[in-house]
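Numbering (UniProt numbering), first residue to last: 1 to 340. Just so you know, even glycine gets a beta-carbon here, dropped at the ideal spot from N, CA and C. All of these numbers come straight from a predicted model, not from anything done at the bench. This report refers to the structure that appears directly beneath it.
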Amino acid sequence: MAPNLECRMYEARYPEVDMAVMIQVKNIADMGAYVSLLEYNNIEGMILFSELSRRRIRSVSSLIKVGRIEPVMVLRVDKEKGYIDLSKRRVSEEDIQACEERYNKSKLVHSIMRHVAETLNLDLEDLYVHIGWPLYRKYGHAFEAFKRVLADPDAVLSALTREIKEVGPDGQEVTKVVPAVSEEVKESLLMNIRRRMTPQPLKLRADIEMKCFQFDGVLHIKEAMRKAEAAGNDDCPVNIKLVAPPLYVLTTHTLDKEQGILVLKNAIACCMESIEKHKGKLTVKEQPKVVSERDDKMLIDIMNKIQQDNEEVGGDDDSEEEEDTGMGEVDLDNGNAITE
């Protein structure tokens, strides 16, 4: 028989009034929208149209759409009948931010717990009763407990116990306290927590413009680039690449955002000091900041377009001489100047 893999995320079966909860819109009826409360095993709630907005509603579809996931405020809970009334217009920006943060943590914990239950053929609610919810009670959120598991699993998991009833030698039933986490469950939890919660390096980037019109200007730029890369360290290695003269990008990967920003700022300072010795100029276009995969893709697209444009005009001998924006491009891989 397959184990039960459905369970609410929290010990309470229903949310409290005036609490922000994460919902998904299921369908829209005459009076309002029916939604699922994602943190409470998808129990049903309803948002009346009058609770959609503080302003006059011109179009319901612009305010709520089937499939949308968002935080709303709990107005009423009838535990006997299972009715939950919700409001979108009464949830504040602070409520939204806190709810989204809590939900993202809870969703990760739930995913780990569910995978352990599925892998070991265990009942998910039983796993929550003996492991998940006790950790919520002790640490405020099981996510915080799982973070501690990464550093010291025994300190967190070995403290969990459960009571079992046994029949003693005299035939009397006795209650016995045993560890709540078996070695098998502990290993599976550790594996999943490490896989899902080990910190991932952040990518930071800064954009600069660098020019040098002196004799051997390209060599001076290359020297400045080496100075910038030398400012990195094992935890924050610095790379500098040419986008198109005179624009360059400096990047680093690190687990510590603040350290990464300091390293890139120092790299820019070393680069500036080097190029200014040769009467060159460096201008910071974008200060060091964390960048996403989307930012990376946009940069790659820009570099590819520049390369394509250069290839298209490369054989046009009749074109007018372009304005000099530096000392030509630098081939970083081969360490050579590309001259026209």
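How big is the Cα-Cα spacing for residue i and residue j?
i: Ser50; j: Ile64; result: 12 Å
i: Met9; j: Ala180; result: 19 Å
i: Thr325; j: Val218; result: In this prediction, Thr325 has a pLDDT of 42, which is less than 50 and means its spatial position is unreliable; nothing more can be read from the coordinates.
i: Leu242; j: Lys227; result: 15 Å
i: Pro169; j: Glu163; result: 19 Å
i: Asp18; j: Ser92; result: 11 Å
i: Ile47; j: His130; result: 34 Å
i: Leu127; j: Leu190; result: 15 Å
i: Glu144; j: Met197; result: 11 Å
i: Thr283; j: Cys270; result: 13 Å
i: residue 345; j: Leu38; result: The structure shown does not extend to residue 345, since the chain spans only 1 to 340, so no value can be given for it.
i: Glu273; j: Ala231; result: 12 Å
i: Val25; j: Asn310; result: 50 Å
i: Ala244; j: Ser53; result: 49 Å
i: Ile112; j: His278; result: 57 Å
i: Pro199; j: Leu255; result: 7 Å
i: Val109; j: Glu223; result: 49 Å
i: residue 381; j: His253; result: Nothing can be reported for residue 381, as the shown portion of the chain is limited to 1 through 340.
i: Pro153; j: Lys176; result: 24 Å
i: Lys289; j: Val60; result: 39 Å
i: Asp95; j: Val238; result: 39 Å
i: Asp296; j: Lys203; result: 9 Å
i: Val263; j: Ser158; result: 41 Å
i: Gln172; j: Asp123; result: 29 Å
i: Ala98; j: Asn104; result: 10 Å
i: Cys7; j: Gly45; result: 17 Å
i: Val167; j: Met1; result: 28 Å
i: Gln287; j: Lys265; result: 8 Å
i: Lys138; j: Tyr40; result: 20 Å
i: Asp234; j: Gln259; result: 12 Å
i: Val291; j: Ala151; result: 28 Å
i: Phe215; j: Arg195; result: 54 Å
Could you check how far apart the C-beta atoms of residue i and residue j are, in whole angstroms? I think they sit under 8 Å.
i: Phe146; j: Ile193; result: 5 Å
i: Ser36; j: Asn27; result: Not quite, the Cβ-Cβ distance comes to about 10 Å (not below 8 Å), so this is no contact.
i: Ile221; j: Ile275; result: 7 Å
i: Pro246; j: Met210; result: 6 Å
i: Val77; j: Val21; result: In fact, because the Cβ distance is near 11 Å, the residues do not count as touching under 8 Å.
i: Val116; j: Val185; result: 7 Å
i: Tyr14; j: Lys107; result: In fact, because the Cβ distance is near 19 Å, the residues do not count as touching under 8 Å.
i: Gly140; j: Cys212; result: So it is not a contact: roughly 56 Å between Cβ atoms.
i: Pro201; j: Asn121; result: About 36 Å separates the two Cβ atoms, so there is no contact after all.
i: Ile240; j: Tyr248; result: 6 Å
i: Val74; j: Glu16; result: 7 Å
i: Arg114; j: Leu5; result: 6 Å
In the DSSP assignment, what residue or residues form a beta bridge with residue i?
i: Pro179; result: Thr161
i: Ala2; result: According to DSSP, which records beta bridges pairwise, Ala2 is partnered with nothing at all.
i: Val167; result: Glu173
i: Tyr34; result: Asn27, Met46
i: Asp207; result: Val249, Glu286
i: Met22; result: Pro71
i: Tyr202; result: The residue you asked about is not Tyr; residue 202 is Leu in the sequence shown. DSSP lists Thr254 as partners of Leu202.
In or out: residue i buried (at least 16 other Cβ within 10 Å) or exposed?
i: Ser188; result: buried
i: Val156; result: buried
i: Arg102; result: buried
i: Arg205; result: buried
i: Ala267; result: buried
i: Met225; result: buried
i: Ala33; result: buried
i: Ile208; result: buried
i: Cys86; result: The amino acid occupying residue 86 in the given sequence is Leu; Cys does not appear at that position. Counting Cβ neighbours within 10 Å, Leu86 comes out buried, since at least 16 surround it.
i: Ala142; result: buried
i: Ile300; result: exposed
i: Val149; result: buried
i: Thr161; result: exposed
i: Thr119; result: exposed
i: Gly82; result: exposed
i: Lys285; result: exposed
i: Ala12; result: exposed
**Q.** Contained alpha helix (DSSP H) runs [length at least 4] in the region 70 to 147, N- to C-terminal order
**A.** 93 to 120, 124 to 127, 133 to 139
Q. At what residue ranges does the region 209 to 291 contain a whole run of the alpha helix (DSSP H), taking only runs of 4 or more?
A. 217 to 230, 257 to 276
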